[in-house]
Every structure is written in C-alpha cells, then in structure tokens.
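Structure record follows, encoded as structure tokens.
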Amino acid sequence: MAWLYLFAAGAFEVAWAIGLKYTEGFTRLWPTVLTGAALIASMALLAAAVRDLPIGTAYAVWTGIGAVGTAALGVVLFDEPAGAARALCIALIVAGILGLKLTSSH
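Residue numbering for the sequence shown follows the numbering used here, beginning at 411 and increasing consecutively.
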C-alpha cells in the first residue's frame, strides 16, 4: 500500500507543480486553491508512504515522479522543448526511479 501512496503523492506533486503555472504568481484564486489542495494531498500521501518505506527511497521516487511528469506535461501543455537530449535525461530519471523501487526491501 505504501508504494500506491507514494505514486499517488507523485501524481499530486505533478499537479501542483503544473498548477503553479496556472496561478500566475498566485494572482488567480481557483488555480491557487487547486494548486494548494494538490500540494497538501501530495505531502499527506508522502507522509503516509514513509511510514513503511525508507525516507531516502521515498523522497527520491517522489521527486523523480514529479520531475518526469512535470517535464513531460511542460512539453505537452506549454510547448517546452522536446529534444533527444531532454528525452534521454527524462529516461535516466525513470531508470533511477525503477532502480530504487527494485532495490527497496519494501
């Protein structure tokens, strides 16, 4: 169950990171409220996950999911660059996440 919490926490991290763009510096009420809710959900789920997972593994996986998801959505939603070097770097992050998952004792 801890891994499920962790992956959900990562998804909410992507949501609040992307939400920051839509808040326009916290000047738009509803995007700000939704971004704040996603941030709280992400932290609560991360806290639940680290009850059973090593903090180093959980934090690295959480930030990795956030980085990969935010970078991918940046390409899709905001027309950010999507070159081969960027794709390779994202793939390396995914490999690191998988490696941490596979080597975790939980």
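Ideal Cβ positions, reconstructed from N, Cα and C, are used throughout, including at glycine.
Helix or strand or just coil, what does DSSP make of residue 411?
In the structure shown, residue 411 sits in coil (DSSP, three-state: anything other than H, G, I, E or B).
Please tell me whether residue 500 and residue 471 are closer than 8 Å, where the distance is taken between their beta carbons.
Cβ atoms of residue 500 and residue 471: not closer than 8 Å.
In angstroms, rounded to a whole number, what distance separates the CA positions of residue 445 and residue 434?
Computed Cα separation, rounded: 11 Å.
Residue 451: which of 481, 467 and 417 sits nearest, CA to CA?
When each option's Cα is compared against that of residue 451, the closest is 417.
Pull up the distance between the alpha-carbon of residue 460 and that of residue 489, whole angstroms please.
Their backbone Cα atoms lie some 35 Å apart in a straight line.
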